[in-house]
Each structure stands twice: as C-alpha cells, then as structure tokens.
Amino acid sequence: MSLENKKILLMIGGGISAYKSLDLIRLLQKKNCSVKVVLTKSGKKFVTSLSLSSLSKNRVFEEIFDEKNKGNIDHISLSRWADLIMVLPTTANFMFRLSKGSAEDLASTIILASNKEIFLVPAMNVRMWEHKATQKNLNVLMDYGYKFIGPEDGEMACGEYGKGKMSSPRQILSFLVKFFKKRDLLKSKKIRAIVTTGPTKEYIDPVRYISNESSGKQGYEIALELSRLGIKTTLISGPTKLKYDNEIKVKKVVTGKEMLEAVKRKLPTHIAVCAAAVSDFKPIYSEKNKIKKNQIKEIKIEKNPDILSFLGKSNRFKPKLLIGFSAETENLIKNSKIKMQEKFCDMIVANDVSKKDRGFHSDFNEVLIIDKNGKIEKVKKNSKKFVASIVAKKIVDTFLSNEKNLN
Ligand SMILES: Cc1cc2nc3c(=O)[nH]c(=O)nc-3n(C[C@H](O)[C@H](O)[C@H](O)COP(=O)(O)O)c2cc1C
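Here the sequence shown is numbered in the numbering used here, starting from 1495 and rising by one per residue.
1. Quick one: grab the DSSP three-state call for Asp1577.
2. When the Cα atoms are used, what is the spatial distance from Val1620 to Gly1656?
3. Just to confirm, is the Cβ distance from Ala1617 to Ser1511 under 8 Å?
4. In the DSSP output, which residue or residues are listed as bridge partners for Arg1686?
5. Quick test of your reading: Ile1863 and Lys1888, contact by CB under 8 Å. State the CB separation rounded to the nearest angstrom.
6. Tell me whether Asp1739 sits in a helix, a strand or coil according to DSSP, three-state version.
7. I'd like to confirm something about Arg1621: is its beta-carbon nearer than 7 Å to some heavy atom of ligand 1, or not?
8. Return the CA-CA distance between Gly1692 and Val1747, expressed in angstroms with no decimal places.
9. Ser1780 to Lys1735, Cα distance in whole Å?
10. Let me confirm a value: Gln1712 is counted as buried when at least 16 other C-beta atoms fall within 10 Å, else exposed. Which label applies?
11. Let me make sure I understand the geometry here. Which of Phe1588, Asn1859, Ser1895 has the alpha-carbon closest to that of Ile1884?
12. Using only CA atoms, which one of Ile1785, Leu1718, Thr1728, Ser1773 lies nearest to Ile1698?
13. On a Cα-Cα basis, can you pick out the residue from Leu1761, Ile1704, Ile1725 that is closest to Asp1678?
14. When you compare only the Cα positions, how much space is there between Arg1702 and Met1622?
15. Given the structure, does Asn1631 come close to ligand 1, in the sense that its CB is under 7 Å from one of the ligand's heavy atoms?
16. Let me know the secondary structure DSSP gives Thr1691 once reduced to three states.
17. Give the single residue among Leu1606, Phe1673, Gly1818, Lys1849 whose Cα lies nearest to the Cα of Glu1836.
18. Where does the unbroken beta strand (DSSP E) through Asn1587 begin, and where does it stop?
19. Check whether the Cβ atoms of Pro1813 and Ile1742 lie closer than 8 Å to each other.
20. Threshold first: 4 residues or longer. Then list the alpha helix (DSSP H) segments lying entirely within the stretch 1511-1543, N to C.
21. Using CA atoms only, rank isn't needed, just tell me which of Leu1720, Asn1706, Tyr1640 is closest to Pro1733.
22. Going straight from the alpha carbon of Pro1645 to that of Gly1658, what length do you get?
23. Find the nearest neighbour of Arg1722 within the set Glu1696, Lys1866, Ala1687, judged by alpha-carbon distance.
24. Quick one: which unbroken beta strand (DSSP E) runs of 3-plus residues sit fully inside the stretch 1769-1840? Chain order, please.
25. Pop quiz: Leu1600 and Asp1568 are said to be a contact at Cβ under 8 Å. What is the actual Cβ separation, rounded to whole angstroms?
26. How do the stretch 1515-1525 and the stretch 1589-1600 stand: do at least 3 beta-carbon pairs fall below 8 Å, yes or no?
27. Would you say the beta carbon of Phe1613 comes nearer than 7 Å to a heavy atom of ligand 1?
28. Going by C-alpha distance, which of Asn1552, Ala1586, Pro1663 is nearest Ser1528?
29. Beta carbon of Val1906, beta carbon of Leu1572: below 8 Å?
30. For Val1890, name the three-state secondary structure that DSSP assigns.
31. With a threshold of 16 other CB atoms inside 10 Å of the CB of Asp1840, please say whether the residue is buried or exposed.
32. Given the structure, does Lys1657 come close to ligand 1, in the sense that its CB is under 7 Å from one of the ligand's heavy atoms?
33. Output yes or no for whether 8 Å exceeds the beta carbon distance between Val1581 and Phe1588.
34. Take Lys1879 as the anchor and find which of Asp1891, Asp1857, Val1890 has the nearest alpha-carbon.
35. Which value, in whole angstroms, describes the spacing of the CA atoms of Lys1594 and Val1847?
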C-alpha cells in the first residue's frame, strides 16, 4: 500500500543494466505508482523509448530543448511532479557529471533543479567503481545529500566479479516500499522533533562573551535529514554562520538560557536531539557597558542550564526519544556512557574532538552512536551530511521500533 499513488521519476543512464529498468517499471505499475521516464542520450543505446513509454504509459522525456513541448519547462515541472527521483543505472559518467553540477542534458538539469529526494542506483565494472575518481565523486554526491542504493557484489555483465552490480528491481522495490512506509507513517502521525545546534554566547559585557568553536553544522544536517524522513522538525540554533534551508523551521537564540526557553516552548515533542555545544558556564552578571581595561578585577561565573538533563529528568516532558551529543578528548566511550546514564538519554552520539581533521572546525565528522543497551555503531570519517543521514536513520528506526503501536 505504501507505494500507492506515488510519483516516481526514473532516469535511465547509459549502462548495460538499463534493461532492468523495464522490470522495475512493471513492478512499480503493479503497486499503482505513476512512473515518468527520462532517457539520457547514451541510455537510448540500451533501451528503447518505445518499451519505456509502453510500460510506463507515459511519454518518455529525452531532450532539454524540446520543440514539440513549447511553453512547458520540463526540467522544473518533472522535478516538482515527482515524489522521488531515481537514476538507474547510474553510470560512472553520470556520477562524474552530477559531482560537477552539470546541467548539460535534461536528466542532469532536473537533478540540479530538484527539491526532491534523489536516489542513485550505480552499476558499473568493479574497477570503474573502485577507481579513486569514482570514489571521490561518490563522496561529493553523498555530501550533496544524494542517496545510494547498492551497488552489490556479484558477477557482472562483463564477466568480472566484485562490487558494482546494480541492485535488482526487487531489491529496489523493497527499498522504496520501506522508505515511503516510514515517511508516510511519521507524517500521518505528525511526529515532531527538536534539534538544538551551534554554540551559545554568554556575554560578559556588550562586546565580550564566553563561547566555543561549534559550527552548528552537524545538528543542522541532522535536522534537515529528519525533516526529509517525514518528521516535523524545528532547529533551535545558537549563533552560527550557516545558511538555513527553508525546508525546516529555525528558531535562532544566543544564550544557553534562551535556548532552554526555546526548547520549553516546543514541548511536548516526540524526539529531541541535543547537538548544541551550550557553554557550560556563564558570567553571573553581564555588564551593561563595555568594561574598561582598568575596571576589571574578576569575572564570576556560574553554571548554565543543562538542557539535556532538563529533558531527561522531566516527568511531564521527557521526549519519547532523547539523543545527546558528547564531545570528548579522552575516554570517549566511558565518558559518553556515563553522560547517557546521568542525563537519562536513550542514545548518545560521541565524537573525539581532539582530532584536528573532524568535529568542531571541520566539514567532516567521525562518531560513535551508542544506545541505551550499550550497542555501539561507528560512523567512519565522512562529511557531516553523510554522518547526519546515518544518525537520522538510526533515530527514526529506533523511534519506530520503540513505538510499535504506531504501525
Ligand atoms: C556496451 C557498453 C556497456 C556499458 N556499460 C556501462 C556500465 O554498466 N556502467 C557504466 O558506468 N558505464 C557503462 N558504459 C559506458 C557509458 O555508456 C558511457 O560512459 C556513457 O557516456 C554514460 O552515459 P550517461 O552519462 O548518460 O549515463 C558502457 C558502454 C558500453 C559501450
């Protein structure tokens, strides 16, 4: 049922596995999906427009400059029509083109102009897949937020064996069923989340403050990802340089106290992710006027509110799933587990901030996701967007398995 009336835009690239797209279209039709097809110039060498239009029961789109179709801008209208865009097979060349932001044909232009989830289904020879250039492109594409299905290990059309085989139409179908089932369920049950992110600034006087190096990027990417998975998400952000996407609601705050107040206003919530690096301390007094050099004796500080603890210990407002972040420079697992217990959270995302090439100053991160039962999942160094996609998926899966009666 989860695929009923869904609109899928399939793009067929120039690979031998393009023939499998015909089977997928049949499977999607049986689930009452609407399918429209874009065929690349090379794709045409492998499957015919006639087969694709007969099976999809729609005309096939091939040209960016379509003389017969005056007055309609296909690369915009097709993207807005779709619930989801999928490229299969995604060739090495198509990955290269997308990684460069190409808009040279209809397929790449639609993707560049898209506001929808993009799923890429790669298929190529194992050496092509493993080539550094393809792997580099893969990382860029994951950083753009495109999702990958496969490739699988197996024997390929060229007779070689290894990773690069396209996922089968049945595997792709089952992936789509799960994706839409979860998303529709979360949307229909109006599941809400708050994500805190960024540093806070605790002013000593109008121009000086206590703060830290947090960029807010990891929390922001998690909020975006949760929203794409169907959760109504509010990002509560300390002062950052981020450009926020209007896909999510953002509440900007400055101090830890303001962040706590903003969180309280959003309660109750089903899920709370506390990724902000709230300053542990704040000056007891913030002077109205700039302190003169010879005026200052000592700055008295006190503890800032602990938002994670507040949520974990709240009898009335404890979210059904509470996720904390732990930035440590030593004893990462031990300290993170202690934090999880002390603050009554269900999951903690731990990162080692002593390493220079990830965490606070970087677009990259490497984290351990530790759950209440002590199970640890390592997400190796990757872009913060990719790390967010793994963390958000884990959050959604844990939430849904805890709340079985939602299904
Ligand atoms: C017989 C044949 C099979 C091919 N199969 C693949 C393939 O499976 N994967 C791939 O990445 N490229 C494959 N190629 C190369 C692509 O067709 C070529 O790079 C093309 O430009 C890709 O077009 P696209 O960017 O529209 O997908 C194949 C080429 C030929 C001649």
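Here a beta-carbon is modelled for each residue, glycine too, at the ideal position from N, C-alpha and C. Note that the structure is predicted; figures quoted are calculated from it, not measured.
To lay it out plainly:
1. As a position in the sequence shown, residue 1577 is number 83, starting the count at 1. Three-state result, Asp1577: coil.
2. In the sequence shown, residue 1620 corresponds to position 126, counting from 1. In the sequence shown, residue 1656 corresponds to position 162, counting from 1. Each residue's Cα considered, the two are about 5 Å apart.
3. Translated into the one-based positions of the sequence shown, residue 1617 becomes position 123. Translated into the one-based positions of the sequence shown, residue 1511 becomes position 17. Yes, Cβ-Cβ distance for Ala1617 and Ser1511 is below 8 Å.
4. As a working mapping, residue 1686 is identified with position 192 in the sequence shown. DSSP lists Lys1726 as partners of Arg1686.
5. In the sequence shown, the residue the question calls residue 1863 occupies position 369. In the sequence shown, the residue the question calls residue 1888 occupies position 394. At roughly 6 Å, the Cβ-Cβ gap stays under 8 Å, so Ile1863 and Lys1888 are in contact.
6. Counting from 1 along the sequence shown, the entry for residue 1739 is found at position 245. If DSSP states are grouped into helix, strand and coil, Asp1739 belongs with coil.
7. In the sequence shown, counting from the first residue as 1, residue 1621 sits at position 127. No - ligand 1 has no heavy atom lying nearer than 7 Å to the Cβ of Arg1621.
8. Counting from 1 along the sequence shown, the entry for residue 1692 is found at position 198. Counting from 1 along the sequence shown, the entry for residue 1747 is found at position 253. Cα-Cα distance, rounded: 10 Å.
9. Stepping through the sequence shown from its first residue, residue 1780 is reached at position 286. Stepping through the sequence shown from its first residue, residue 1735 is reached at position 241. Near 24 Å, if we compare the C-alpha coordinates of Lys1735 and Ser1780.
10. The count along the sequence shown starts at 1 and reaches residue 1712 at position 218. Flag for Gln1712 reads buried.
11. The count along the sequence shown starts at 1 and reaches residue 1884 at position 390. It is Asn1859.
12. In the sequence shown, the residue the question calls residue 1698 occupies position 204. When only C-alpha atoms are compared, the closest one is Ile1785.
13. Counted from its first residue, the sequence shown places residue 1678 at position 184. It is Ile1725 whose Cα lies nearest to the Cα of Asp1678.
14. The residue given as residue 1702 occupies position 208 in the sequence shown. The residue given as residue 1622 occupies position 128 in the sequence shown. Spanning the two alpha carbons is a distance of roughly 54 Å.
15. For the purposes of this step, residue 1631 is identified with residue 137 of the sequence shown, where counting begins at 1. It does not: the Cβ of Asn1631 is nowhere closer than 7 Å to a heavy atom of ligand 1.
16. Within the sequence shown, residue 1691 is the residue found at index 197, counting from 1. Three-state result, Thr1691: strand.
17. Position 342 of the sequence shown, counted from the first residue, corresponds to residue 1836. When only C-alpha atoms are compared, the closest one is Gly1818.
18. Your numbering for residue 1587 matches position 93 in the sequence shown. Counting along the chain, Asn1587 falls outside any beta strand (DSSP E), though it belongs to the alpha helix (DSSP H) covering 1586-1593.
19. Here residue 1813 is taken as the residue at index 319 of the sequence shown, counted from 1. Here residue 1742 is taken as the residue at index 248 of the sequence shown, counted from 1. No, they are not a contact pair.
20. 1514-1524
21. Locating residue 1733 in the sequence shown gives position 239, counting from the first residue. Nearest to Pro1733 by alpha-carbon distance, out of Leu1720, Asn1706, Tyr1640, is Asn1706.
22. Here residue 1645 is taken as the residue at index 151 of the sequence shown, counted from 1. Here residue 1658 is taken as the residue at index 164 of the sequence shown, counted from 1. Rounded to whole angstroms, Pro1645 and Gly1658 show a C-alpha spacing of 5 Å.
23. Residue mapping note: residue 1722 aligns to position 228 of the sequence shown, counting from 1. Cα-wise, what sits closest to Arg1722 is Ala1687.
24. 1775-1777, 1795-1797, 1815-1822
25. Numbered from its first residue, the sequence shown carries residue 1600 at position 106. Numbered from its first residue, the sequence shown carries residue 1568 at position 74. That pair is a contact at about 6 Å.
26. no
27. Stepping through the sequence shown from its first residue, residue 1613 is reached at position 119. Incorrect: Phe1613 has no Cβ contact closer than 7 Å to ligand 1.
28. Sequence index remark: in the sequence shown, residue 1528 carries index 34 (1-based). Measuring from the Cα of Ser1528, the nearest candidate turns out to be Asn1552.
29. Since the first residue shown for the chain is 1495 and the last is 1901, residue 1906 is missing from the structure and cannot be characterised.
30. Locating residue 1890 in the sequence shown gives position 396, where the first residue counts as 1. In the three-state reduction of the DSSP assignment, Val1890 falls in the helix class.
31. As a position in the sequence shown, residue 1840 is number 346, starting the count at 1. That one is buried.
32. Walking along the sequence shown from the start, residue 1657 turns up at place 163. It does not: the Cβ of Lys1657 is nowhere closer than 7 Å to a heavy atom of ligand 1.
33. The residue given as residue 1581 occupies position 87 in the sequence shown. The residue given as residue 1588 occupies position 94 in the sequence shown. Contact: yes.
34. Residue mapping note: residue 1879 aligns to position 385 of the sequence shown, counting from 1. Sorting Asp1891, Asp1857, Val1890 by C-alpha distance to the C-alpha of Lys1879 places Asp1857 at the top.
35. The residue given as residue 1594 occupies position 100 in the sequence shown. The residue given as residue 1847 occupies position 353 in the sequence shown. Taking the straight line from one Cα to the other gives about 31 Å.
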